[in-house]
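Residue numbers (the numbering used here), protein chains in the order written: chain A, 25 to 136; chain B, 18 to 130.
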Amino acid sequence: GDSVTQMEGPVTLSEEAFLTINCTYTATGYPSLFWYVQYPGEGLQLLLKATKADDKGSNKGFEATYRKETTSFHLEKGSVQVSDSAVYFCALGGSTLGRLYFGRGTQLTVWP
Amino acid sequence: DGGITQSPKYLFRKEGQNVTLSCEQNLNHDAMYWYRQDPGQGLRLIYYSQIVNDFQKGDIAEGYSVSREKKESFPLTVTSAQKNPTAFYLCASSLDSESETQYFGPGTRLLVL
């Protein structure tokens with residue numbers, strides 16, 4: 025069935041370091057892929073998405089490219105800030121209309 | 018401002034008690050969802066509704082019930098049959114069942130006394 029596997033956390037970085045959070049998926053067909061971010065005590069916010077192979081989603085300095093050949097959608101940012109500290113979730117749009125399948129989340133902590 | 022509201026922010030449940038979590042949206046979205054979030058487990062789907070007066074079970078529906086009498090509202094009841102209800106509950110909506118982008122409310126944290 026449809027599923028997402030994302031990098032185990034927590035991830036701890038210094039400010040201005042490079043960030044990669046790995047995400048791979050299993051799905052039938054050609055799902056849309058998403059990254060959501062959750063700040064402490066809050067709901068999830070859509071960070072970026074890609075709807076077809078080779079698409080690059082980007083927002084707030086974060087990027088992720090939909091790689092069908094490696095079934096991956098890794099999240100990257102060139103220079104993280106303390107304000108980026110949050111939990112990041114990779115998700116895919118499944119074969120059932122409207123459903124999203126989420127990874128377990130990766131906790132990111134950025135130190136000044 | 019358009020968005021999704023959930024209330025209360027914190028909810029306490031006694032043994033054997035049913036409690037209801039509220040979810041309201043003014044985005045004119047057709048589809049609504051309830052997720053449960055436990056530490057280290059990501060989000061698990063409880064119930065979803067693609068249209069008014071219709072809803073389907075998700076992956077962990079046992080011990081929960083929902084209704085969808087109005088487009089704007091999708092309340093979740095945690096029944097006494099749910100033996101481990103302590104979790105963070107998130108409501109979401111999307112434009113329709115074909116639109117995969119979901120928008121989330123701020124969540125309700127349920128604690129058992």
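Cβ atoms here follow ideal geometry from the backbone N, Cα and C, with glycine treated the same way. In this text, all values refer to a predicted model and were calculated from it rather than measured experimentally.
Between the CA atoms of residue j and residue i - distance to the nearest angstrom
i                 : j                 : result
ALA74 of chain A  : LEU112 of chain B : 17 Å
GLU87 of chain A  : GLY53 of chain A  : 23 Å
ARG91 of chain A  : SER82 of chain A  : 15 Å
PHE72 of chain B  : LYS87 of chain B  : 12 Å
LEU10 of chain A  : LYS100 of chain B : For residue 10 of chain A there is no data in the structure shown, the boundaries of chain A being 25 and 136.
PHE121 of chain B : GLU93 of chain A  : 31 Å
THR95 of chain A  : GLU40 of chain A  : 28 Å
TYR106 of chain B : GLY124 of chain B : 5 Å
GLU66 of chain A  : ALA77 of chain A  : 31 Å
ASP79 of chain A  : SER84 of chain B  : 38 Å
GLY33 of chain A  : GLY127 of chain A : 12 Å
GLN98 of chain B  : GLY117 of chain A : A small fix is needed here, since residue 98 of chain B is Ala in this sequence, not Gln. Looking at the two C-alpha atoms, the distance is approximately 31 Å.
ALA110 of chain A : GLN67 of chain B  : 30 Å
VAL134 of chain A : VAL69 of chain B  : 43 Å
Expected contact under 8 Å - CB spacing of residue i and residue j to nearest Å
i                 : j                 : result
LEU57 of chain A  : PHE97 of chain A  : 4 Å
TYR50 of chain B  : ALA109 of chain B : 4 Å
VAL61 of chain A  : ILE45 of chain A  : The pair is not a contact, with the Cβ atoms about 11 Å apart (cut-off 8 Å).
LEU44 of chain B  : PRO92 of chain B  : So it is not a contact: roughly 17 Å between Cβ atoms.
ILE21 of chain B  : ARG53 of chain B  : Actually they are not in contact, since the Cβ atoms of ILE21 of chain B and ARG53 of chain B sit about 16 Å apart, beyond 8 Å.
LEU127 of chain B : PRO102 of chain B : 6 Å
Residue-chain proximity (residue i, chain B), Cβ-Cβ < 8 Å
i                : result
SER56 of chain A : yes
GLU87 of chain A : no
GLU73 of chain A : It should be noted that the sequence gives Lys, not Glu, for residue 73 of chain A. Yes, contact with chain B.
LEU99 of chain A : no
LEU37 of chain A : no
Where residue i meets chain B, residues with beta-carbon distance less than 7 Å
i                 : result
GLY81 of chain A  : Going along chain B, no residue has its Cβ under 7 Å from GLY81 of chain A, so there is no contact; the nearest lies around 11 Å.
PHE126 of chain A : GLY59 and LEU60
ARG91 of chain A  : Under the 7 Å cutoff, chain B gives no residues; its nearest Cβ is about 19 Å from ARG91 of chain A.
GLY25 of chain A  : Neighbours of GLY25 of chain A on chain B: none; closest Cβ ~10 Å, over 7 Å.
8 Å Cβ cut-off: residues of chain B touching residue i
i                 : result
PHE113 of chain A : GLY59 and LEU60
Residue i: contacting residues in chain B (beta-carbon distance under 9 Å)
i                 : result
LEU132 of chain A : Those within 9 Å of LEU132 of chain A in chain B number zero; the least Cβ separation is about 15 Å.
GLU66 of chain A  : PHE121, PRO123 and GLY124
Any chain A beta carbon closer than 8 Å to residue i
i                 : result
PHE121 of chain B : yes
GLN67 of chain B  : yes
LEU107 of chain B : yes
Where residue i meets chain A, residues with beta-carbon distance less than 8 Å
i                : result
TYR64 of chain B : The contacting residues do not exist; TYR64 of chain B stays about 12 Å from chain A at best.
Interface partners of residue i on chain A, CB under 7 Å
i                 : result
SER111 of chain B : GLY122
Which runs of the beta strand (DSSP E), 3 residues or longer, sit entirely within the region 49 to 73 of chain B?
-> 60 to 68
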